[in-house]
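J.: Throughout, this note's numbering is defined as the position within the sequence shown, counted from one, plus 3.
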Amino acid sequence: MAPELHRPLVVLAPMAGISDRPFRVICSELGADETTTEMVSAQGFLTALKNSLAYQYLLDVAPSERHVIVQLFGHNPTWMAEACRKLTALGRFAGVDINMGCPAQKVTGSGSGSALMKDLPLAAQVIAAVRASTALPLSVKMRSGWDDECRNAPELARIAQEEGADRVIIHGRTRRQQYAGRASVEDMAAVKAAVSIPVLANGDVFSAQDALDLLRQSGCDGVMVGRGALGNPFVFEQIQAALQSKPVMLPSPQRVLRMALRHADDMVRWKGERSAMLEMRKHFSWYLKGLRGATELRRRIHQTESLDVVRSLLEERFAQEDVHEEEN
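(1) DSSP state of Ala16, grouped into three classes?
(2) Taking Leu233 as the reference, give the member of Leu246, Ile29, Arg88, Gln323 with the closest Cα.
(3) Three or more C-beta pairs under 8 Å: does that hold for the region 255–263 against the region 272–290?
(4) Per DSSP, Gln74 forms a beta bridge with which residues?
(5) Tell me whether His64 sits in a helix, a strand or coil according to DSSP, three-state version.
(6) Below 7 Å CB to CB, which residues in the same chain sit around Ser67 once its five sequence neighbours on both sides are set aside?
(7) With distances taken Cα to Cα, identify the nearest neighbour of Ala97 among Thr137, Ala127, Gly104.
(8) Using a 10 Å radius around the Cβ and a threshold of 16 neighbouring Cβ atoms, would you call Lys144 buried or exposed?
(9) Taking the beta carbon of Asp100 as the centre, do at least 16 other beta carbons fall within 10 Å, making it buried, or is it exposed?
(10) Given this structure, state the Cα-to-Cα distance separating Cys105 from Gly20, to the nearest angstrom.
(11) Let me see if you follow: with CB-CB separation under 8 Å, is Ser199 close to chain D or not?
(12) Would you mind working out which of Glu165, Glu37, Ala86 sits nearest Met227, comparing C-alpha positions?
(13) Rounded to whole angstroms, how far is the Cβ of Val129 from the Cβ of Leu119, which I believe are closer than 8 Å?
(14) Enumerate in chain order the residues of its own chain whose CB-to-CB distance from Ile162 is below 8 Å, with the five nearest sequence positions on each side excluded.
(15) Val251 by DSSP, collapsed to three states: which one?
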């Protein structure tokens with residue numbers, strides 16, 4: 004994890020299909036104190052064919068990355084411990100996070116992710132096993148609970164602390180809510196009050212003001228940004244500016260377009276053109292959101308697998324957009 008800072012931490016959340024090496028590097032450059040890998044299945048990692056290409060990409064870390072947290076999910080304490088030992092031995096990661104918050108059916112259906120919030124004794128065993136398997140800093144990411152009848156994040160946070168976790172991360176929605184409604188600041192504050200280890204607040208951080216409000220209302224020690232960074236990695240420099248009482252600048256459309264192109268360049272160098280351009284389609288949709296003519300531009304981008312074609316399309320737009328950055 005990042006060295007102790009005398010200000011709140013600002014961290015990129017783990018997001019499947021999103022928080023890969025190129026995106027993490029961009030977010031780090033723009034101010035994320037730490038970044039987190041996509042979630043790694045303990046069972047999948049242990050049973051994957053040696054040198055599996057999928058896991059090579061999933062666990063790849065750039066030389067410039069210094070504070071990457073690997074997120075591990077599973078429900079079997081033995082598998083979780085063994086996977087953690089192997090991941091620690093890679094020497095790439097600054098910490099380990101246990102996923103006890105993912106609401107996806109394909110994860111909870113096997114008893115992992117937020118399903119562990121329905122079985123706190125098993126959750127305790129998982130945390131204890133992982134803690135015993137690594138000397139790296141350990142965090143546990145959770146939700147408010149499984150549903151309104153099982154809103155037990157403070158209890159799980161206390162268990163995590165007792166079993167040796169160094170911090171907890173709380174997303175202020177239940178599993179049943181998925182991403183509907185607003186994240187509960189009250190639930191985050193309750194977790195902060197329940198433990199003495201640091202707590203990161205997660206949920207509905209789409210701007211610097213959102214981050215400041217969440218920190219003030221929850222009392223937490225930092226924020227984790229997920230969906231708010233999609234198409235807007237600039238949110239990290241905006242939050243850092245706000246934390247330092249500096250002006251918060253909104254990027255010009257031209258800067259956004261250049262970042263989209265830089266992101267694509269990095270992806271192509273990392274994965275090859277065809278795979279990269281297919282994966283970049285969702286990112287282009289996010290980067291282009293709100294720009295004039297975005298619908299037609301997205302349509303044309305989604306019809307090609309050529310970086311040169313996309314470069315021409317975006318550079319055509321560069322000339323049409325104002326380069327001025329506005330203060331928020």
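Cβ atoms here follow ideal geometry from the backbone N, Cα and C, with glycine treated the same way.
T.: Taking the coordinates as given:
(1) If DSSP states are grouped into helix, strand and coil, Ala16 belongs with coil.
(2) Per the Cα distances, Ile29.
(3) Touching, yes.
(4) Residue pairing by DSSP puts Gln74 in a beta bridge opposite Met42, Asp100.
(5) Checking the sequence, you will find Val at residue 64 rather than His. The DSSP-derived three-state label of Val64 is coil.
(6) Closer than 7 Å at Cβ, skipping near neighbours: Val28.
(7) Cα-wise, what sits closest to Ala97 is Thr137.
(8) Looking at its Cβ environment, which holds 16 or more other Cβ atoms inside 10 Å, Lys144 is buried.
(9) With 16 or more other Cβ atoms within 10 Å, it is buried.
(10) Taken atom to atom, the span from the alpha-carbon of Cys105 to that of Gly20 is near 14 Å.
(11) Structure shown: chain D not included; a single protein chain is present.
(12) For Met227, the nearest C-alpha among the options comes from Glu37.
(13) Right, the Cβ-Cβ distance comes to about 7 Å (below 8 Å), so this counts as a contact.
(14) The residues Leu123, Ala126, Ala127, Ile130, in chain order, have a CB closer than 8 Å to that of Ile162 in the same chain once the five nearest residues on each side in sequence are set aside.
(15) DSSP places Val251 in coil when its eight states are reduced to three.
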